[in-house]
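In our numbering, the protein residues as written are 556 to 737.
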């Protein structure tokens, strides 16, 4: 079954199937994968997938069943609250727990590139949105990106985590387009 990118059903499928490398306390999923040919990295996928629901601070991240039940109950309650009630129309809840945040996924494929797809690119909001990135990211660049942009109060954990860089792989024609240059 193919799921819609950046949808609640995709998030729930990843969560329930444990299709993540790391589950963060706020429900965000982190996916990290590498492909190697001999000793060379030929592809990577780094994805930060925020939780579509505001989770209470006191929720124990280890209790998977409670977490899953909360996701299901809260998401269904939120969706039901958005439905029109009666002839006068519904009111939009002001304290909604649903969060409309997009995953951000950095992909790199050195060998399977097409003329329309940059070897290194980022997906935002839609799977077909492929914004060129100047090079493949290192794991340290991705971790710094996530922590500094989504969890800045934890920035001190990065002090001993040096950033490494890969060589540029962006095409000349993409240099003139809006792209990520890190």
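Glycine is no exception: its CB is placed at the ideal position from the N, C-alpha and C atoms. Please read these numbers as outputs of a predicted model, since none were measured by experiment.
Of the candidates 678, 665, 688 and 621, 665 places its Cα closest to the Cα of residue 592. By the criterion of a C-beta distance shorter than 7 Å, residue 575 is surrounded in its chain by 569, 584, 585 and 586, once the five residues flanking it on both sides are discounted. Around the beta carbon of residue 712, fewer than 16 other beta carbons lie within 10 angstroms, which makes this residue exposed. Distance between residue 732 and residue 686, taken at the CA atoms: about 9 Å. In its chain, beyond the 5 residues on either side, 678 have a beta carbon closer than 7 Å to the beta carbon of residue 684. Counting only the Cα atoms, residue 627 lies some 23 Å from residue 602. DSSP, read as helix, strand or coil, puts residue 595 in strand. Within the same chain, no residue comes within 6 Å of residue 704 by CB-CB distance, once the 5 residues on both sides are set aside. Taking the C-beta atoms as reference points, residue 695 is found nearer than 8 Å to residue 717. Scanning 688, 563 and 622 for the CA closest to the CA of residue 735 turns up 688. Residue pairing of residue 735 in beta bridges, as defined by DSSP: 688. The three-state secondary structure of residue 584, taken from DSSP, is strand. Taking C-alpha positions only, residue 727 is separated from residue 600 by approximately 23 Å. Assigned with DSSP and collapsed to three states, residue 570 falls in helix.
By the neighbour-count definition (other C-beta atoms within 10 Å, threshold 16), residue 605 is a buried residue.
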